[in-house]
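Residue numbers (this note's numbering): 12 to 450.
From the three backbone atoms N, C-alpha and C, an ideal C-beta is built for every residue, glycine too.
Structure first, then comments.
Rendered as structure tokens:
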């Protein structure tokens, strides 16, 4: 759960004194090496079984004694599918080592490892060599319960199992994966790290995706008029007390941290991974579209978050939200309209939006940004769904990816509607205003 699989062999090989066996005395490092060899040969997956998996839909290869299921990686392989299929069901260690660095599997495809090469027979024959006696580990004092059931869950996911049928199962596993990753961005985790581990990249992407959905729904208030849209903006201003003394609320600050983490880890992974692999696997497209979106976000924030606006008079609800709207089936959640209500001056971002989108150039700029955003989302979603942290069984991957495409399409439509609406339709007046201002 904590260390990579090769950490002992790299940094503490002298600490190995033997293998678990039936007793019989300590054999030292030599005995441990023989036992390890015996374990690999005695158990594991026989080459006869590996040789059965040679198709594009079920492809296994052997590298350095490890059996890899590379079916999901075929379409992403920089050298094309044929380069892998040529060695399907065979030992490709020599050819693999000529091209790849020794730690590439452990870094970028640990989930492809499904076992080691062996005879398929029980590995008990290696026990007499020596080492710690297995019965010692069977006493209750030495047992540790696998609460996470990590091995079982990994096996289920690698074998593509899942008990919920069809699209419903894909949706359930996708939602559960989302919830888990969002939770792990909030509770203490090793997220803020500059590493090649894509966990930080995936978790920050999940959080940003949730924010994008909430932001799109919130911006729909522009269709209701200036009171709703400006009231929605003022709602976040009223939360500035959560921002630790900054002119922002805690949600905005956390989103900024998630965005910085996402950009930093993404750029570092793109830099560290071979440029040929980056181009062929689509990661360079992700990097270019991500940098473009980062530029767009800075321009967007400069315009709407920090730009100068006209003052607008608004009656905000006394307690952040106007809960009476739920009783009267109205939509004015962020403002009130009754005689004698206490008004305040807020930023008129409603008018600003119409002023900006009177320019056809800005409309085209925002629409093109929506297209780039959609492309980035789709490319990223292809990487997120098979990610180990999502724990989505393989049988649901295709359906989950297609559902992500559909969600991205509808979100893109919502964002595209804002510049089009601001360009084609006139402004409306507010509750305290008499005539709409001319943008």
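Applying the 10 Å Cβ sphere with the 16-neighbour rule, what's the burial state of residue 242? Of the other Cβ atoms in all chains shown, 16 or more fall within 10 Å of the Cβ of residue 242; this residue is therefore buried.
Thinking just about the alpha-carbon of each residue, which of 180, 126, 384, 270 is nearest to the one in residue 71? Looking at the Cα atoms, 126 is the closest of the given residues.
Where residue 348 and residue 230 are concerned, what is the direct C-alpha to C-alpha distance, given to the nearest angstrom? So the two alpha carbons sit approximately 21 Å from each other.
Neighbour-count burial assignment, residue 433, 16 or more Cβ in a 10 Å radius: So residue 433 ends up on the buried side.
Could you give the DSSP three-state label for residue 343: helix, strand or coil? Of the three classes helix, strand and coil, the one that applies to residue 343 here is coil, per DSSP.
Quick check: the region 364-375 against the region 390-397, are there 3 or more CB pairs under 8 Å? Contact fails: fewer than three Cβ-Cβ distances are below 8 Å.
Look at the Cβ atom of residue 213, then the Cβ atom of residue 398, and state whether they are nearer than 8 Å. Against a cut-off of 8 Å, the Cβ pair of residue 398 and residue 213 comes out as a contact.
Comparing C-alpha positions only, which one of 179, 220, 360 sits nearest to residue 419? Minimum Cα distance to residue 419 is reached at 220.
Provide the residue span of the alpha helix (DSSP H) that contains residue 73, from first to last. Run containing residue 73: none in the alpha helix (DSSP H); it sits in the beta strand (DSSP E), 69-74.
Measure the alpha-carbon distance for residue 409 versus residue 179 and round it to whole angstroms. Those two C-alpha atoms are separated by around 13 Å.
From 262, 323, 344, residue whose alpha carbon lies closest to that of residue 232: Of 262, 323, 344, the residue nearest in Cα terms is 344.
If I'm right that residue 75 touches residue 97 with Cβ under 8 Å, what's the distance once you round it to whole angstroms? At roughly 18 Å, the Cβ-Cβ gap does not stay under 8 Å, so residue 75 and residue 97 are not in contact.
With a CB to CB cut of under 6 Å and the five nearest residues on each side skipped, what residues in its chain are close to residue 451? The first residue shown for the chain is 12 and the last is 450, placing residue 451 beyond what the model contains.
In chain order, what residues of the same chain have a beta carbon less than 6 Å from the beta carbon of residue 2, not counting five sequence neighbours either side? Because the chain is modelled from 12 through 450, residue 2 falls outside the range shown and cannot be assessed.
Which one of 83, 182, 239 has the shortest CA to CA distance from residue 328? Taking each of 83, 182, 239 in turn and checking the Cα distance to residue 328, the smallest one comes out for 239.
Decide if residue 364 is buried, meaning its Cβ has at least 16 other Cβ atoms within 10 Å, or exposed. Residue environment: residue 364 is assigned as buried (16 or more neighbouring CB atoms within 10 Å of its CB, all protein chains considered).
For the region 325-393, which segments carrying the beta strand (DSSP E) assignment without a break, of at least 3 residues, lie completely within its bounds, in sequence order? Listed in chain order, they are 355-358.
In terms of alpha-carbon separation, which member of 92, 66, 100, 77 lies closest to residue 60? Out of 92, 66, 100, 77, 100 has the C-alpha closest to the C-alpha of residue 60.
Could you name the residues that DSSP lists as bridge partners for residue 124? Its beta-bridge partners are 79.
Roughly how many angstroms lie between the CA atoms of residue 92 and residue 301, to the nearest whole one? Cα to Cα, the separation comes out at about 27 Å.
Note down the Cα distance separating residue 109 from residue 78, rounded to an integer number of angstroms. Straight-line measurement puts the Cα of residue 78 at about 18 Å from the Cα of residue 109.
First and last residue of the alpha helix (DSSP H) that includes residue 60? Counting along the chain, the alpha helix (DSSP H) containing residue 60 begins and ends at 58-61.
In whole angstroms, give me the CA-to-CA distance for residue 253 and residue 443. So the two alpha carbons sit approximately 30 Å from each other.
Residue 82 burial status per 10 Å Cβ neighbour count (16 or more: buried): With 16 or more other Cβ atoms within 10 Å, it is buried.
By how many angstroms is the C-alpha of residue 247 removed from the C-alpha of residue 256? Residue 256 and residue 247 have their alpha carbons spaced roughly 14 Å apart.
Check the DSSP bridge columns for residue 65 and list the partner residues they point to. Residue 65 pairs with 70.
Just verifying my parser: in three-state terms, what is the DSSP assignment at residue 37? Any answer about residue 37 is weak, because its pLDDT of 43 lies below 50 and its placement is not dependable; what the coordinates show is given next. DSSP places residue 37 in the coil class of the three-state scheme, outside both helix and strand.
Answer with buried or exposed for residue 335, where buried requires no fewer than 16 other C-beta atoms within 10 angstroms of its C-beta. Counting the other CB atoms within 10 Å of its CB gives residue 335 a total below 16, which places it among the exposed residues.
Quick check: the Cα distance between residue 249 and residue 279, rounded to an integer number of angstroms? About 37 Å.
Comparing alpha-carbon positions, which option in 66, 116, 94, 102 lies nearest residue 58? Residue nearest to residue 58 within the set 66, 116, 94, 102 is 102 (criterion: CA-CA distance).
N- and C-terminal bounds of the alpha helix (DSSP H) containing residue 408: Looking at the DSSP string, the run of the alpha helix (DSSP H) that includes residue 408 is 408-435.
On the criterion of 16 or more Cβ atoms from any shown chain inside 10 Å, does residue 375 qualify as buried, or is it exposed? With fewer than 16 Cβ atoms within 10 Å of its Cβ, residue 375 is classed as exposed.
Out of curiosity, what's the CA-to-CA distance linking residue 182 and residue 356? Rounded to whole angstroms, residue 182 to residue 356 spans 44 Å at the Cα level.
Would you list the residues sitting across from residue 322 in a DSSP beta bridge? According to DSSP, residue 322 shares a beta bridge with 358.
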